[in-house]
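> Starting off with a structure, shown below.
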Amino acid sequence: MTVNAEELELKDRLNLIEVMITEGRRTTESWGSIFVVWGIAFYVAFAWFVLSHSPYAWPITMICTYALTRVINARRRGGQPRTTMGRSIGSIWKAMAISMFILFPAIGISGKTVDPSILTAIVATMLGISTAASSIILKWKLQFGCALIWWTVAVVSCFGTIRQSMIAFLAANLLCHISFGVYGFICEARRTSQGASHA
Amino acid sequence: MPELPELNPVIHGKLRLALLSLLVGVEEAEFTWLRSKTGATDGNLGAQLAKLEEAGYVSVKKKFVQRKPQTLYRITEAGRAAMAEYVRALKQMLGGAIGA
């Protein structure tokens, strides 16, 4: 082999490495549908609680939504590899869900009276933490904007009436879960179609 | 003239190099995903992955998901180190060739 042919082969190998590493990293998790599902779940639980005052409204809706999320995750993975970024983001939301599942039943069982506005502030703050952490990992400013909205709801809940805090929470849910989820879904679909055209 | 390094023959194979490069960017990947990214046949892909496993550069985990068998591959620390060394050697050789 001549020096030039050898050099070309080496460059070809270097290029192959770059292309394949990029291919691996291009693999992204899809989260849009999960946000929409959780957004709807909050409305369902809220409506159920307001209409029936059932103490089971929130826990049952949350457990069912968690099961649904697991099913969606299992189906959508479809051979996609696991990435460190995906695991990091997933772990943030799992930790938040575990915190809520521990805190709220504990408050309920303890029998202590907690102002609903303060409970709303706690939930909004926790959602703000998870949303902000995800946005920092993904370097996604729009998602950080959603975190700011959740934190605003937390502040409003501390100073406003129960009615005001509920309205703020439901509006934030529409913006930060449902609208953001639909937007994420559109972005993912666009990215997938671009990937397909590159292949 | 400084002596140029030798390239690791286990990694130098085109398909094996592509596989290791793909695995560098992810935590673990399924056989089917590696096949779709490389366009290799099942037989060839399996053989090359077996060579990488034999060299200790990848680890394999087999499991069942919804009753379907799933084979997951993950790059090992030795694989990462070998890959880094390969890239360093490759760059050095190319630097030598450019400088010549």
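As given, the protein sequences belong to chains D and V, one line each in that order.
First residue of the first sequence? That's 1 in this note's numbering, and the numbers climb one at a time after it.
First residue of the second sequence? That's 200 in this note's numbering, and the numbers climb one at a time after it.
Ideal Cβ positions, reconstructed from N, Cα and C, are used throughout, including at glycine.
(1) Mind listing the chain V neighbours of K11/D? Cutoff is C-beta to C-beta under 7 Å, in chain order.
(2) In the DSSP assignment, what residue or residues form a beta bridge with F263/V?
(3) Does chain D have any CB closer than 7 Å to the CB of A277/V?
(4) Where does A228/V fall in DSSP's three states?
(5) What is the residue span of the alpha helix (DSSP H) that S91/D lies within?
(6) Does the distance from the CB of W140/D to the CB of A124/D come in under 7 Å?
(7) Using a Cβ cut-off of 7 Å (strictly closer), state whether V223/V contacts chain D.
(8) Name, going along the chain, the residues of the stretch 86-100 of chain D whose beta-carbon falls closer than 9 Å to a beta-carbon of chain V.
(9) Of all the options L14/D, S134/D, T69/D, which has the alpha carbon lying nearest to the alpha carbon of T84/D?
(10) Under a CB-based cut-off of 7 Å, is L289/V close to chain D?
(11) By the DSSP assignment, the alpha helix (DSSP H) with E252/V in it spans what residues?
(12) For L16/D, would you say it is in contact with chain V, using Cβ-to-Cβ distances shorter than 7 Å as the test?
(13) Buried or exposed: H53/D, going by 16 or more other Cβ atoms within 10 Å of its Cβ?
(14) Is N4/D buried or exposed, if buried means 16 or more other CB atoms sit within 10 Å of its CB?
(15) With three or more C-beta pairs closer than 8 Å as the rule, is the stretch 205-217 of chain V touching the stretch 243-262 of chain V?
(16) Taking Cβ positions, are S157/D and A106/D nearer each other than 7 Å?
(17) What are the boundary residues of the alpha helix (DSSP H) that K141/D is part of?
(18) Taking V259/V as the query, report the chain D residues whose CB atoms sit under 7 Å from its CB, ordered along the chain.
(19) For L103/D, I'd like the list of residues in its chain whose CB is within less than 7 Å of its CB, leaving aside the five on either flank, ordered along the chain.
(20) So the candidates are E205/V, D241/V, R266/V, R273/V; which of them puts its Cα closest to the Cα of V259/V?
Put simply:
(1) Within the first sequence, the letter at position 11 stands for residue 11/D. Per Cβ cutoff of 7 Å: L293.
(2) As a first step, residue 263/V is located in the second sequence; it is residue number 64 there, counting from the start. P268/V.
(3) The sequence position of residue 277/V within the second sequence is 78, counting from 1. No - not a single Cβ of chain D is within 7 Å of the one on A277/V.
(4) Translated into the one-based positions of the second sequence, residue 228/V becomes position 29. Strand at A228/V.
(5) In the first sequence, residue 91/D corresponds to position 91, counting from 1. Residues 84-110.
(6) As a first step, residue 140/D must be located in the first sequence, where it is residue number 140. As a first step, residue 124/D must be located in the first sequence, where it is residue number 124. No; because the gap between Cβ atoms is not below 7 Å, this pair is not in contact.
(7) Within the second sequence, the letter at position 24 stands for residue 223/V. Interface residue, yes.
(8) Residues are counted here when their Cβ sits less than 9 Å from a Cβ of chain V; for the stretch 86-100 of chain D these are G86, R87, given in chain order.
(9) Position 84 of the first sequence holds residue 84/D. Looking at the Cα atoms, S134/D is the closest of the given residues.
(10) Here residue 289/V is taken as the residue at index 90 of the second sequence, counted from 1. It does: the Cβ of L289/V has a partner Cβ on chain D nearer than 7 Å.
(11) One-based indexing of the second sequence puts residue 252/V at position 53. 241-253 is the span of the alpha helix (DSSP H), which, as asked, contains E252/V.
(12) Taking the first residue of the first sequence as 1, we reach residue 16/D at position 16. At least one chain V Cβ lies under 7 Å of L16/D.
(13) Position 53 of the first sequence, counted from the first residue, corresponds to residue 53/D. Exposed, by the Cβ-count rule.
(14) Walking along the first sequence from the start, residue 4/D turns up at place 4. By the 10 Å Cβ count, N4/D comes out exposed.
(15) yes
(16) As a first step, residue 157/D must be located in the first sequence, where it is residue number 157. As a first step, residue 106/D must be located in the first sequence, where it is residue number 106. Cβ atoms of S157/D and A106/D: not closer than 7 Å.
(17) Taking the first residue of the first sequence as 1, we reach residue 141/D at position 141. Here the alpha helix (DSSP H) through K141/D covers 141-159.
(18) Taking the first residue of the second sequence as 1, we reach residue 259/V at position 60. Annotation: V259/V has no Cβ neighbours in chain D at a cutoff of 7 Å; minimum Cβ distance is about 14 Å.
(19) Numbered from its first residue, the first sequence carries residue 103/D at position 103. Excluding residues within five positions, none has a Cβ falling inside 7 Å.
(20) For the purposes of this step, residue 259/V is taken as the residue at position 60 of the second sequence. It is R273/V.
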